[in-house]
Structure formats: structure tokens, C-alpha cells
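Taking it in order: structure first as C-alpha cells, then the write-up.
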Amino acid sequence: MPNESKQIHVIGIDSSNVESFFEAKKNSIFKAERITGPQRILDSFKTWLKDKNIENRKFEFIFTDKLNDFIDQLKKEEKKTIVFSGGDPLWFGIGRLLVQNFPLSKIYFEPAATSFQLAFSRLGKPWQNTKWISLHGRDPLPFEKAIKKLPSSLVVLTDPNKEGAKEVFQLLHSLGLEGKYEFWTFERLGYQNERILEINSIEDFPTNIDPLHLVILFEKGKQLIKSKNLPLFGIDDSVFLQNSDCPGLMTKREVRVQILADLNIPKKGVIWDIGSGVGSIGLEALRISPSLKLLSIDKRIGSKNIIEENAKRLNVYPSLIIEDEVLNIFKENKIPNNLLHPDRVIIGGGGSRSDLIIEEVLKKVNSFCIILIPLISLKSISKIESILKPKVNKLSISQHQSYRGVSIGEDIRLSPLNPVFILKGEIQ
53 MPNESKQIHV IGIDSSNVES FFEAKKNSIF KAERITGPQR ILDSFKTWLK
103 DKNIENRKFE FIFTDKLNDF IDQLKKEEKK TIVFSGGDPL WFGIGRLLVQ
153 NFPLSKIYFE PAATSFQLAF SRLGKPWQNT KWISLHGRDP LPFEKAIKKL
203 PSSLVVLTDP NKEGAKEVFQ LLHSLGLEGK YEFWTFERLG YQNERILEIN
253 SIEDFPTNID PLHLVILFEK GKQLIKSKNL PLFGIDDSVF LQNSDCPGLM
303 TKREVRVQIL ADLNIPKKGV IWDIGSGVGS IGLEALRISP SLKLLSIDKR
353 IGSKNIIEEN AKRLNVYPSL IIEDEVLNIF KENKIPNNLL HPDRVIIGGG
403 GSRSDLIIEE VLKKVNSFCI ILIPLISLKS ISKIESILKP KVNKLSISQH
453 QSYRGVSIGE DIRLSPLNPV FILKGEIQ
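In this text, residue positions in the sequence shown follow the numbering used here: the first is 53, and each later residue adds one.
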């Protein structure tokens with residue numbers, strides 16, 4: 053029960069049935085001298101008073117739309133006050149501001165369902181594992197960090213002063229993740245004119261989207277991808293299934309393109325993709341040269357299933373996928389004879405045992421072979437170079453730094469990808 057001794061009684065409203073809400077709370081409301089809240093709620097309250105023929109009741113009304121002015125007015129004179137708030141006032145609501153300006157001994161909170169909860173209820177989806185972020189008055193960098201972790205669902209409290217949902221969609225597109233998520237907008241939840249839309253392209257955006265809205269992104273289920281619609285190589289990162297426990301840990305498109313170019317892929321032969329992760333480099337090599345025999349190796353549990361799924365998406369057929377430590381594979385002779393002598397080798401993943409892996413690979417390569425080793429650590433370069441230099445005819449090192457444009461309203465910010473060093477050794 054509400055503590056009637058409190059000066060400020062903050063009541064959350066979910067707007068699902070305003071009339072019945074005011075009726076249920078009228079005993080508490082009528083004990084107040086001052087009624088405050090957003091204009092949309094106070095307008096509904098005044099209409100309810102009129103419908104109930106209670107127009108002669110004397111209340112002082114204060115809008116909370118301009119928060120600083122509202123707090124100043126509350127401080128001028130102590131009165132028994134009702135504060136109406138949408139949803140839970142302590143979840144991105146007015147609650148935090150009240151707590152900062154008044155002692156808790158004077159405030160009583162009574163929350164309702166948040167817009168977050170209402171949105172999930174409309175689609176009948178559980179929300180206990182969802183992530184959320186607010187863009188109100190914020191730079192989009194927190195959104196970028198949150199979405200790069202590839203959450204299964206993400207609630208975005210939009211900033212209507214910066215194009216709201218459209219800003220979020222443009223950010224998603226800029227990061228190459230537009231195809232990975234369902235994009236839903238929820239306007240005026242609980243009101244008679246509430247609107248819920250799934251948006252698939254920038255052209256789908258309504259011109260009259262209400263400022264009172266939020267966005268939820270849902271990861272798409274198993275995607276039906278038509279390989280004929282994909283480019284020969286340089287495929288978007290979002291096409292590939294990734295590890296849920298280490299999202300984003302894959303060779304990015306810009307670096308993949310460079311590696312595939314440096315490999316000088318033959319029409320036939322054997323290619324090894326060691327530390328293949330989600331398999332993106334080797335699988336794209338097969339799109340370029342379908343007659344290649346691809347051996348993919350990765351030690352992470354579950355990597356084989358991920359590579360197999362990505363092979364289906366790209367409509368290519370690796371010869372063998374082994375889920376094990378590569379040194380164990382060499383030691384136990386797990387590679388069949390028809391894949392034993394590679395013409396091209398990519399050694400990724402880094403790690404403290406890279407030098408041992410390279411030594412073993414050099415024992416098995418064909419008489420002509422190109423070995424590529426992408427690295428993100430400067431410390432590894434000199435050690436690996438010292439191993440390769442005596443064994444290869446030609447050794448080169450290149451560094452690659454790419455940026456992706458991220459929309460910020462009408463402007464664009466360049467977001468850097470990790471710099472990558474590529475060591476290329478040619479054996480002739």
C-alpha cells in the first residue's frame with residue numbers, strides 16, 4: 053500500500069487503459085494538492101475528470117515535460133504531490149531526477165510495466181536475456197559496442213531529436229549487420245493509436261513516426277541465403293554464422309579481400325585454412341575456384357558445425373573440416389594423402405605455438421606454395437619472420453588499416469577496424 057506520509061507519490065502508468073487506471077488510483081490521487089506529469093498523461097487525466105463530472109476539484113497542475121522547471125516548482129512549496137510517469141519511473145524515467153533532488157524519506161514509487169515489457173508482450177516473446185541501451189542525448193558509440201557483441205535481442209531507447217528509429221537503422225546498415233536482425237518499431241504503446249511495424253529497408257520508414265517510440269532488434273533465425281545473390285568474394289560479415297560465445301571474432305570483409313588477392317588462388321590444388329574460425333577465408337576461396345580441395349582446421353569446440361553451416365550458405369563444399377589442435381592433427385597423421393601437400397596455406401588465430409605450427413607446415417607444403425599469416429600483434433612479426441626467411445624464396449610484410457563509415461544523424465563518423473599485418477611467404 054502507498055505510504056500516505058510521503059510528500060511525493062510517483063505513479064507509473066502503462067497506458068493500457070487510462071480510464072480504469074485513474075479509477076483504481078483515485079483515492080490516492082484525490083488526497084493530493086498537486087498533480088504533475090507529461091502533458092499527454094495530464095490531458096488524459098483532465099478528460100477523465102470531465103467525464104466523471106469532477107471538474108470542480110481544485111488541483112494545481114504542473115507539466116513535467118521541462119524537467120528543470122518542474123523540479124524548481126516542486127521545491128518552491130511543499131505540497132502533497134502526485135507525479136504521473138510512463139512505465140517504471142526508475143527505468144529511464146523521472147525517478148532518478150527526483151531522487152537526486154529530494155530525500156528518499158519524501159518519495160514513494162509505484163511502478164507499472166515499462167515500454168520495454170509492453171513491447172515484448174505485444175510480440176509474445178520472452179525478454180529475460182535481452183540487452184538494452186539508450187541513445188537519448190548520447191553518441192552512437194555505445195550502440196556500436198553493444199551490437200558488435202551480436203546479442204540475441206537488443207532494445208534501443210531512441211532519441212527523437214536525432215531521427216529516432218531511422219538513426220538506429222542507419223547505424224545497423226553502416227556496421228554491415230542489417231541482414232542479421234529483424235528491426236521492429238513500437239509507437240505509443242498502450243494508446244489507442246499504438247503502431248507496431250517490422251521495417252526491412254530504409255524505404256519502409258513511415259514519414260509520420262511518433263516521437264514516443266522505441267526499437268527492438270531480434271536476431272534472425274536460420275537464414276535462407278541464396279548464394280547466387282552473393283558476390284564472388286568480399287561477402288558481408290553478416291552473412292556468416294558466428295560463434296555465440298565470441299561474436300565478431302572473424303576475419304573482416306576488408307581483410308578477407310586482401311588475403312584472397314594475396315593468395316593468388318589457383319584453379320586447382322589444395323588449400324589449408326588453419327585457425328579457420330567461422331571458415332570465411334577458405335570458403336570464399338572455394339567460391340573463386342570450386343575445384344580447389346579445402347582443409348579447414350580449428351580447435352574451438354563447435355567450429356565444425358559453424359563452418360559446415362557457412363559452407364551451405366555459400367553453396368561450396370570443403371573437402372574436410374577437422375575440429376582439433378593442429379599440432380595434434382600433424383602428430384596423429386589425421387590428414388588424408390589427397391590433402392597432405394598444400395599449394396596455399398593460411399595460418400590464422402595467432403597464439404603462442406604459431407612458430408611450431410609454421411615449422412610443421414613447412415615440412416608438408418608443395419614445391420610451389422604461398423603461405424599467408426595474418427597477425428594483429430607486433431610482437432609476433434619478428435619471431436615468425438625469422439622462421440620463414442630461411443625457408444622461403446620471397447617474403448613480404450604489409451599492414452592494413454580499414455575504417456567503416458558509421459552514420460551520426462546527417463553526418464558520418466569513421467569507425468576503425470583492428471589493424472592487421474599480413475606476412476606472405478612464397479616457396480618456389
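We put the CB at the ideal spot given by N, CA and C, even for glycine.
With which residues is residue i paired in a DSSP beta bridge?
| i | result |
| --- | --- |
| Thr259 | According to DSSP, which records beta bridges pairwise, Thr259 is partnered with nothing at all. |
| Gly138 | Ile65 |
| Ile373 | Ser348 |
| Glu234 | Phe270 |
| His265 | Glu239 |
| Trp324 | Leu347, Val397 |
| Lys98 | Bridge partners of Lys98: none, in fact. |
| Ile254 | DSSP, once it has assigned bridges, lists no residue as partnering Ile254. |
| Phe161 | Val62 |
| Gly89 | Phe115 |
| Leu424 | Ile398, Lys476 |
| Val458 | Arg465 |
| Leu301 | Answer is none; Leu301 lacks a bridge partner. |
| Thr133 | Ile60, Arg86 |
Can you look up residue i in the DSSP assignment and give me helix, strand or coil?
| i | result |
| --- | --- |
| His188 | coil |
| Gly477 | strand |
| Leu202 | coil |
| Lys244 | Going by the sequence as given, residue 244 is Gln instead of Lys. Coil, per DSSP. |
| Ser419 | coil |
| Leu379 | helix |
| Gln222 | helix |
| Met53 | Because the pLDDT of Met53 is 47, which lies under 50, any placement of that residue in the model is unreliable, and the number read from its coordinates should be weighed accordingly. In the structure shown, Met53 sits in coil (DSSP, three-state: anything other than H, G, I, E or B). |
| Val330 | coil |
| Ile387 | coil |
| Arg405 | coil |
| Glu239 | strand |
| Pro468 | strand |
| Gly228 | coil |
| Asp211 | coil |
| Lys356 | helix |
| Lys183 | strand |
| Val291 | helix |
| Leu249 | strand |
| Leu284 | coil |
| Ile410 | helix |
| Ser341 | coil |
| Val368 | coil |
| Val170 | It is Leu, not Val, that sits at residue 170 in the sequence shown. Of the three classes helix, strand and coil, the one that applies to Leu170 here is helix, per DSSP. |
| Gly147 | helix |
Cβ of residue i within 7 Å of Cβ of residue j?
| i | j | result |
| --- | --- | --- |
| Leu187 | Thr166 | no |
| Phe111 | Ile87 | yes |
| Ile381 | Ile373 | no |
| Leu335 | Val368 | yes |
| Ile248 | Phe238 | yes |
| Val472 | Pro426 | yes |
| Leu346 | Ile311 | no |
| Phe144 | Val207 | no |
| Ser279 | Gly231 | no |
| Asp117 | Pro90 | yes |
| Pro370 | Ser348 | yes |
| Leu284 | Arg339 | yes |
| Phe292 | Ser332 | yes |
Take residue i as the anchor and find which of the options has the nearest alpha-carbon.
| i | options | result |
| --- | --- | --- |
| Leu142 | Ile159, Thr99, Asp288, Phe270 | Ile159 |
| Leu469 | Phe136, Lys476, His452, Leu475 | His452 |
| Ser432 | Asn445, Phe195, Ile449, Ile422 | Ile449 |
| Ser96 | Glu75, Asn79, Lys110 | Glu75 |
| His393 | Glu384, Asp407, Leu202, Phe420 | Phe420 |
| Pro192 | Ser204, Lys214, Ser173 | Lys214 |
| Gly64 | Gly242, Lys201, Lys102, Val368 | Gly242 |
| Lys131 | His61, Arg174, Asp66 | His61 |
| Lys320 | Val307, Leu344, Ile311 | Leu344 |
| Val417 | Ser226, Ser434, Ile398, Lys304 | Ile398 |
| Lys128 | Ile114, Gly139, Leu347 | Ile114 |
| Phe82 | Gly89, Thr99, Ile106 | Ile106 |
| Lys183 | Ile268, Gly477, Leu227 | Ile268 |
| Glu361 | Asn389, Gly329, Glu384, Lys383 | Gly329 |
| His265 | Lys272, Glu271, Ser279, Asn245 | Asn245 |
| Lys200 | Ser226, Gly216, Lys476 | Ser226 |
| Asp103 | Asn79, Ile410, Ser72 | Ser72 |
Does the beta carbon of residue i fall short of 6 Å from some heavy atom of the ligand GDP?
| i | result |
| --- | --- |
| Asn153 | This structure simply doesn't include the ligand GDP, nor any ligand for that matter. |
Going along the chain, which unbroken runs of the beta strand (DSSP E) with 3 or more residues stay wholly within the region 426–455? 446–452
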